[in-house]
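Notes follow the structure.
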Ligand SMILES: Nc1nc2c(c(=O)[nH]1)N[C@H]1C(S)=C(S)[C@@H](COP(=O)(O)OP(=O)(O)OC[C@H]3O[C@@H](n4cnc5c(=O)[nH]c(N)nc54)[C@H](O)[C@@H]3O)O[C@H]1N2
Ligand SMILES: Nc1nc2c(c(=O)[nH]1)N[C@H]1C(S)=C(S)[C@@H](COP(=O)(O)OP(=O)(O)OC[C@H]3O[C@@H](n4cnc5c(=O)[nH]c(N)nc54)[C@H](O)[C@@H]3O)O[C@H]1N2
Ligand code: SF4
Ligand code: SF4
Ligand code: SF4
Ligand code: SF4
Ligand code: SF4
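Protein chains in written order, with our numbering: chain V, 1 to 413; chain L, 414 to 676; chain A, 677 to 1397.
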């Protein structure tokens, strides 16, 4: 029925099946939208956040999707700036994922603030000293860039491409895409960094606080680096997952392996830096404020040193070591393990930098504050996932996302 | 008019913890003075708006060596380094500001858009978010003071050192001529109410004000000095364990002998 | 398509979206459902607080005709600007939705409005009927106090009408008065010169938890800190007072008298007592001394109190060695009078160190003396009725020394003794909530066929009443507030109306006068005043002008009678307490687990319902959601297999309640402590249904000497729920 819209030379599942699948996801999406409306109309009392947990699940989700979406800027950087040409076969998908992640992040932020209708004050009354101001500006700008990167993709749809204006527009946009990719990479470096800075500048919170360079705490650099390192894991993971779902190969192994290798080395270097940072924090920064390592990891029901080990060893060194070896990245099982561990690692990092920061008592007579999200928070956090699945499904079905698909899956004419 | 030569004020408090009885008058005085809302269930202390909160400290020793001490905690009006307070420096919308003239950390409810970054930044939990619309039972909104605007849902609020009283004092001296604001002209609601006289308020820079002398008490300390928050609320206690509870120390570290900590 | 893009671009570039964005944010800054307080002229009016017997002066700030703040009155002799949390929250009581807004009558279980005239006529008819039937003594009144014009109008009405049953709750002040009467022949109240003491031995007094005049005590406490006076607190739990004390002695509850006598033993055996006083100005010293020396050796006392003998000895020496030592008693806020033995033993310590009537000591203070109405002329009905024994047994055969035994009333009514109570006036009291053993109290109230409440708010007793004739709130009325509460200066405050009454309420004094007038004859003649205000003005005489100006009158020159001028006893000497009465074993046996009550400044446990601001300050270790939280030592809990925060059922012979458990290292093992003041069924959602009323679990224990309630705890059991 919708065959006219489907890219030429590829096979898609029957429309009814697609629609049914989509409506399941749609139901989840509606659930999320309902929770979102509750939050907007009734206020943030719909959440389990409180005065100790001003930042909670949403901010974590925000930071996590942005880190995972980091595959977009980094792949773009590699493809357009560094010139890793093979990556053109996965860049569309990376951009799509980035677009989803960043739009989700903005949506979450809009739900997270107590006065969404005043959200623009962040631009109008901007405080240049605030990391959040930097985040807001860079995030919005980079989202604009991603939109610009995504538009030509949409315009490549078979029907839209027939319109000469769009056809030419797409062509011209592709010509200048390197400029956007460069801008995007720059912006992205900054806001990834400022997101890291958000926690790192909190000199009232010894768990988060880090020294740094000029106005930027070390977390600024670590966040950028980790997003670049782990983002591609997510791109690979989603590609592999999509391949599993649609039951065919979409990207050639060499492309995946190249990305995996780069990711592996990035993670490896990142995790060494992260280890050094952690060591300095434990040995110098925290003690100067009267804290010992175990003050941050004991006397509560959840946060033990396990989380530090899980983040650095299990989610850091393990995937790095797998991905930097040829055998590791070319063995399906190991590759899967590595990208999954990597994703967990970076998500854990974002978790501790948001939630554990809030949980640790600073006043000697205060207590740990633990928190669990309300269903509204969970629903609104799943909302972007449902939205992402929808957008991936539609894009995959109607847009030529994977240039190698045709070649890898010849359709009998 | 030689207003230019007047030294900037630095309003602050000295709270005598040996006198403080934990009675909660300061908390209620603050609520009544500043139109602080209340709700049906206030037993979750993590979402209960108390600009002034009295903490209960214990020495953690077993019965009968156990001791307790109460510690009233208004906003500490941190100066940080050059007015770079933990909260002010992070607010993306400049909805909270450090006033160099008075040392008071302000909060502009109509500008705050509720991102709560400032709350995460404040180690004293002095900031409170309006998770709910404020609702007064029918008839009780009559007790609201016009000097302080009630806050709407979705914004952060905190102790202002009763800033409206400073404005009233300024008006008063303005109408009376050109004299300076004196100690008695500007006192906060909690200071006045405290039945134990545990709180002293004034200009820390003015040697004629009691706080100027009291802050130099050998038993005076500030909360979390090692973090560099540079607060303007001093506490006094003759009990060592209480002074030690005012900051974090590594085992073996002695209070008064650590870098950045209390001298 | 192009059109679409064009339109979008056009709209974006036009001012419209920007204007809308801006307007929306402005709308959020002015949400119509967030109130904007009206402005108006600001005025400050001085008045007197009437929310507790503390006697503070207040300054009420108004904007236009709205009360926006109640603050401590600067320069007032009691509180000088300071104020407690309850006083600060007074506007919430004034504007509470639980105010009774007009006179009401209960018809078939539901409240109907009624006019003042009809209400008074109906009550008068009932009173006339009872009097005609010879049952005037079955009319009773429960008031909060028996001092000041309003309580005195009540007792005058009952007297001339013909009923001895005017009652009020007894407190530790009554226990003290009784001891002073026995030892000094003084009919009055105690005063404690605490500001001038340098060693304060407190046997369980909640010095900073509302004992005596709360704000005055806070100030005294701060003075002790300034001048390094020593405070020793004796009680089984680390209360705030214990926490502030220089020394906290955890004692087995109920053995305080033993400790006091053990200290007396030390002072006597080591000859540390004030010989000039005992030799020249006292009687009965030797026999008292012998009794103590034979019965209260520190080793024995150590056993019963759990305080080491060495500590007792050193404390006794330190106390006697201080320049201005004083010993005081009255547990917590002193709502429970306590035993004669205990009060006498503590009083004795003061006598031994010779501080009676001295600087820093215990003073005999006069009863407020300004109400001097002519004696009522009783007709034969009244005169006969006044010979009847009181319903509560006070002044009767068993308890000749007691003046009011309200805590015994429920038992007497429930036992069906005599003609019972046919009509009960409740004025400024909430016995359905405050009486210990409140189930029995409610049962007794239910048996009274006609109850009239004069409550300002819909409290538990008002809910049970048959008629409510609401009084003005204290901010809306004139009333004299005589202050005792342990002050060393005779004082009276005047509450003035700071605003017009908000509702169709009437001053209870006016109702009494109107009622008397309807009863006619002698009764009407005993109330010659046009209205309450005229009565008050006449009563205060010369002081009226001063009081309306200053709102307080104080006699700064008062000094108690000196020893050489003689005590008021027959011999003119101080009589040491009867050894027989001192030598009693502790009341009530202690089981494995004992429930004790504790007081706090953030809960009102009396007739005033705690307002929302105060509830907000209640820690979550006292109230969690709707649960009462009880405090216990982890050791006690371990034996019962309870964990921090676990739910449990706490039961006593009086009742059972669901509670949550909180661990504290500040309480003696074997005890479980519960705060007074929660567990209301009346009032609004901010108070009703929260926690447990300890009076449901604890009942009165009659002191064998005085009949006053001497309960300090009750055997309890706690099981996991
Ligand atoms: N009757 C009368 N009405 C007038 C005027 C007049 O002269 N007479 N003048 C008009 C004019 S010109 C003006 S500008 C307006 C002013 O009107 P408003 O803006 O309402 O003026 P204020 O009462 O000065 O302050 C408003 C509130 O801000 C609080 N506030 C002060 N400082 C701070 C701070 O640092 N942070 C936060 N969060 N709050 C703070 C004050 O306590 C007060 O509650 O009034 C107008 N209305
Ligand atoms: N102490 C103190 N000082 C303050 C403030 C405060 O709150 N307290 N608020 C500040 C603020 S926000 C403001 S806006 C300023 C306001 O300060 P001003 O602008 O000085 O305002 P006003 O005191 O209202 O008086 C202005 C003068 O204009 C006169 N006037 C009235 N109508 C007219 C007219 O039609 N034509 C002419 N030519 N004159 C007219 C009035 O009689 C008066 O003399 O004050 C500031 N200064
Ligand atoms: S009012 Fe005074 S004594 Fe009471 S808690 Fe506050 S500071 Fe302490
Ligand atoms: S105490 Fe908290 S809110 Fe107050 S100035 Fe310091 S950081 Fe800011
Ligand atoms: S919540 Fe309000 S005051 Fe706090 S940082 Fe955000 S905008 Fe600023
Ligand atoms: S200074 Fe004013 S605003 Fe701050 S705690 Fe005290 S009463 Fe509240
Ligand atoms: S102590 Fe008593 S009299 Fe004084 S303000 Fe408080 S309630 Fe009123």
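From the three backbone atoms N, C-alpha and C, an ideal C-beta is built for every residue, glycine too.
So who's on the other strand from residue i, going by DSSP bridges?
{"i": "residue 1229(A)", "result": "1168(A)"}
{"i": "residue 485(L)", "result": "467(L)"}
{"i": "residue 923(A)", "result": "908(A)"}
{"i": "residue 722(A)", "result": "735(A)"}
{"i": "residue 1133(A)", "result": "775(A)"}
{"i": "residue 1307(A)", "result": "1338(A), 1349(A)"}
{"i": "residue 1378(A)", "result": "1385(A)"}
{"i": "residue 541(L)", "result": "570(L)"}
{"i": "residue 503(L)", "result": "Paired residue(s): none; residue 503(L) is not in a bridge."}
{"i": "residue 1391(A)", "result": "1270(A)"}
Please report the straight-line C-alpha distance between residue i and residue j, rounded to a whole angstrom.
{"i": "residue 550(L)", "j": "residue 1287(A)", "result": "12 Å"}
{"i": "residue 399(V)", "j": "residue 379(V)", "result": "29 Å"}
{"i": "residue 1018(A)", "j": "residue 1028(A)", "result": "15 Å"}
{"i": "residue 957(A)", "j": "residue 948(A)", "result": "17 Å"}
{"i": "residue 87(V)", "j": "residue 133(V)", "result": "33 Å"}
{"i": "residue 1284(A)", "j": "residue 1106(A)", "result": "8 Å"}
{"i": "residue 842(A)", "j": "residue 426(L)", "result": "51 Å"}
{"i": "residue 562(L)", "j": "residue 108(V)", "result": "30 Å"}
{"i": "residue 1197(A)", "j": "residue 740(A)", "result": "45 Å"}
{"i": "residue 978(A)", "j": "residue 1224(A)", "result": "55 Å"}
{"i": "residue 782(A)", "j": "residue 1125(A)", "result": "12 Å"}
{"i": "residue 91(V)", "j": "residue 453(L)", "result": "55 Å"}
If you check the beta carbons only, do residue i and residue j fall under 8 Å apart?
{"i": "residue 364(V)", "j": "residue 660(L)", "result": "yes"}
{"i": "residue 335(V)", "j": "residue 263(V)", "result": "no"}
{"i": "residue 51(V)", "j": "residue 526(L)", "result": "no"}
{"i": "residue 465(L)", "j": "residue 487(L)", "result": "yes"}
{"i": "residue 967(A)", "j": "residue 1255(A)", "result": "yes"}
{"i": "residue 1109(A)", "j": "residue 1165(A)", "result": "no"}
{"i": "residue 914(A)", "j": "residue 1149(A)", "result": "no"}
{"i": "residue 1175(A)", "j": "residue 1155(A)", "result": "no"}
Quick check: is the beta carbon of residue i nearer than 8 Å to any beta carbon in chain V?
{"i": "residue 524(L)", "result": "yes"}
{"i": "residue 502(L)", "result": "yes"}
{"i": "residue 563(L)", "result": "no"}
{"i": "residue 914(A)", "result": "no"}
{"i": "residue 697(A)", "result": "yes"}
Would you say residue i faces chain A, with C-beta separation under 8 Å as the test?
{"i": "residue 607(L)", "result": "yes"}
{"i": "residue 187(V)", "result": "no"}
Give a yes or no on whether the minimum CB-CB distance between residue i and chain L is below 8 Å.
{"i": "residue 129(V)", "result": "yes"}
{"i": "residue 51(V)", "result": "yes"}
{"i": "residue 719(A)", "result": "no"}
Is there a Cβ from chain D that is less than 8 Å from the Cβ of residue i?
{"i": "residue 643(L)", "result": "You won't find chain D in this structure, because its protein chains are V, L and A."}
Those residues, in chain order, that have a beta-carbon closer than 7 Å to some heavy atom of ligand 3: Going along the chain, the residues that qualify are 428(L), 432(L), 433(L), 434(L), 435(L), 436(L), 437(L), 438(L), 439(L), 440(L), 467(L), 483(L), 485(L), 603(L), 606(L), 607(L), 608(L), 609(L), 611(L), 612(L), 894(A).
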